[in-house]
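Count along the sequence shown from 1, add 360, and you get the number used in the UniProt record's numbering.
Worksheet for the structure shown next.
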Amino acid sequence: KASNVQPLNAVSLQAGQKEYIPLLETEKGESTLSIVVIGASGDLARRKIFPALFALFNEDRLPENFTIFGYARSIMTDEELRNMISKTLACRVDKRENCNEKMDAFLKRCFYQSGQYSSEEHFVGLNNKLKGEEAGRTSNRLFYLAVPPNMFLDAARCAKRRASSENGWTRVIIEKPFGRDTESSRELTRGLRQYLCEDQIFRINHHMGEELVENLLVLRFSNLVFEPLWSRNYIRNVQLIFSEDSGTEGQGRYFDNYGIIRDIMQNHLLQILALFAMDTPVSLDAEDIRNEKVKVLRSMIPVQLEDVVVGQYKGDCNGNTSYPAYTDDMMVSKNSLTPTFAAATLFINNARWDGVPFLMIAGKALHSKRAEIRVQFRHVPGNLYNRKFGTNLDQAGNELVIRIQPDEAIYLKVNNKVPGLGMRLDSSYLNLLYKARYAREIPDAYERLLIDAIEGERRLFIRSDELDAAWSVFTPLLKALEENKVAPELYSYGSGGPIGVHYLAARHNVRLG
Ligand code: NDP
């Protein structure tokens, strides 16, 4: 049936590289989807990918004919893989009685093939097994590379050469880190492009799949009240906060090579910033949204060393071993200068945002776990209440808070008169707390991203030019920090981070949230 098939986005594909959408309506029941999790024995696969796939199956979001293959070097039988997976599946959404039956049905569709990531011969074995399950139907294949980054290229090569679909589409999801700086990221992109065209590569940043991040565009572009205020005329500053209350426990080896700026700021927070700050896209199509994000990123001034505070957590001074120092990790050098905390002020050099500081704060081992966007508005000009009652009438500026996690919420701080005969104002909240408003549980970010990849919806995945523009914002800073061996300011585990962040915020007139 391949000859009936129309190429997707033929214009954006390179010559000779065609991605096919094989699903003519009449063929739907005849096609099959094979999802191959490369690195199936790993942490990400067990904790996130298999549970997300089950949740999609449980909600009837996967196609009728699908199979899931785990692939890794570990030797396992299909049954052992199923046992491993079953421990992490949960009936999160569907709590009805048949959930256990659904689990069994799901597990029956899971298979395992062991092999090396760089062995084309082993991928031929995988291909044969896939074909066996696909039973001659049109096959679409989604590979999820859940392996350490140094395996990406080998796995992509083998998947493409020996196990890609012959009559349907082949797509490959890769996880961050996408390089360590502009040069290594470009090298990775060039390497992947030897085997895959851009439209086949789905660079995942799971925070882009979070409910509140998705809602950011709805909030901005389907309400009249926000977008007119969304500029330097009304917004004084924006904070993007990602704070974790645990350290790097168990991840020291990975983390020490990357640090908080690469791990959180350059990708998660910058992606959110781009969505927050972009202009109205021509449409909701992936390319239109990603075009606008690239424009914002390319308008950004590379972060300057003087606009940054870096920190590293130290242990509990009372010797409590539950709160170790970062350098207590066996995999981390005692002299490590890797920041576990960073705060940076960024500026967008365009008409909408000129002069507005975007303060990014990211840290591990802090006092709270939260991800938030906080938008502080300018003060009311010629404020009547200040004129009549003086500044002792306590009035805070308006602030819009989008809390991405935990306890998803959107709230607006407004000044309000305290009921009574006198004139006293206080800062109150118009509060949209998701769990109070919506009974439904919020899907895990991986569920949304996996279904998007299956459906070919690319808007939440990072395009190569976006990635390149994002690295350009941070690469000079990363080089300066490393070349100058900038020592991070130490902060206590469980504290609010280094003192320096308060000075940085004060310099840009930001009230820390
Ligand atoms: P793991 O370290 O658990 O590795 C996954 C699998 O890869 C392992 O089970 C192992 O399988 C194989 N592997 C591990 N080390 C090597 C090696 N040196 N050479 C060859 N194969 C190796 O990784 P994660 O599952 O934690 O993460 C996978 C990818 O996703 C990484 O790129 C990571 O950065 C990224 N990521 C992970 C997140 C998470 O929450 N875990 C979050 C965001 C991104 P076997 O020995 O059976 O072949």
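A virtual CB, placed ideally from N, CA and C, is assigned to each residue, including glycine.
Boundaries of the beta strand (DSSP E) around Leu760: Glu759 to Gln765.
Along the length of the stretch 406-484, whole beta strand (DSSP E) runs at least 3 residues long occupy 426-432 and 470-474, reported in chain order. Shortest gap from the CB of Ala702 to any heavy atom of the ligand NDP: 6 Å or more. Judged by DSSP in its simplified three-state form, Gly671 adopts strand.
The C-alpha of Val870 lies about 14 Å from the C-alpha of Val761.
Here Gly539 is buried, its C-beta having at least 16 other C-beta atoms within 10 Å.
Rounded to whole angstroms, Met568 and Leu486 show a C-alpha spacing of 31 Å.
For Glu535, the shortest separation between its Cβ and any heavy atom of the ligand NDP lies below 6 Å. Glu768 sits close to Tyr794, with the two beta carbons spaced by under 7 Å. In the three-state reduction of the DSSP assignment, Tyr504 falls in the strand class, which pools E and B. By the 16-neighbour rule on beta-carbons within 10 angstroms, Thr681 is exposed.
Beta bridge pairing from DSSP links Ile621 with no other residue. Assigned with DSSP and collapsed to three states, Ile564 falls in strand.
Here DSSP, grouped into helix, strand and coil, assigns Asp688 to helix. Ranking Leu513, Glu493, Pro508 and Ala523 by CA distance to the CA of Leu502 puts Ala523 first. The Cβ-Cβ distance between Leu810 and Ala432 does not fall below 7 Å.
CA-to-CA, the gap between Asn695 and Ile624 works out to about 22 Å. Judged by pairs of C-beta atoms under 8 Å, the stretch 579-590 does not touch the stretch 421-441, as fewer than three such pairs exist. Contact check for Gly723 and Gly671: beta-carbon distance about 7 Å, within the 8 Å limit, so the pair qualifies.
Under the three-state reduction of DSSP output, Val573 falls in the helix class.
Take the alpha-carbon of Gln664 and the one of Pro858: they are about 19 Å apart. Arg784 sits in coil when the DSSP states are folded into three classes, being neither helix nor strand. Within the DSSP secondary-structure output, Arg531 pairs in a beta bridge with Leu502.
Secondary structure at Gln554: coil, using DSSP grouped into helix, strand and coil. Arg433 has its Cβ nearer than 6 Å to a heavy atom of the ligand NDP. A distance below 7 Å between beta-carbons, with the five flanking residues on each side excluded, links Ala847 to the following residues of its chain, in chain order: Leu697. Under the three-state reduction of DSSP, Ala400 is assigned to coil, being neither helix nor strand. In the three-state DSSP reduction, Tyr851 falls in the strand class (E or B). Within the same chain, and ignoring the five residues on either side of Asn565 in sequence, the residues whose Cβ sits closer than 7 Å to its Cβ are Lys536, Asn627, His628, Gln631 and Ile822.
Cβ contact annotation for Arg497 (same chain, cutoff 7 Å, sequence separation greater than five): Glu390, Ser391, Thr392 and Asn425, in chain order. For Ser643, the closest alpha carbon among the candidates Val578, Pro588 and Asp605 is that of Val578.
Ranked by Cα distance from Val740, the options Arg596, Ala813 and Gln611 are led by Arg596.
Collapsing the DSSP output to three states places Glu604 in coil.
Per the DSSP secondary-structure output, Val870 pairs with nothing in a beta bridge. In terms of Cβ geometry, Leu744 and Leu772 do not form a close pair [threshold 7 Å]. One thing to note: Met436 has its Cβ within 7 Å of the Cβ of Tyr472.
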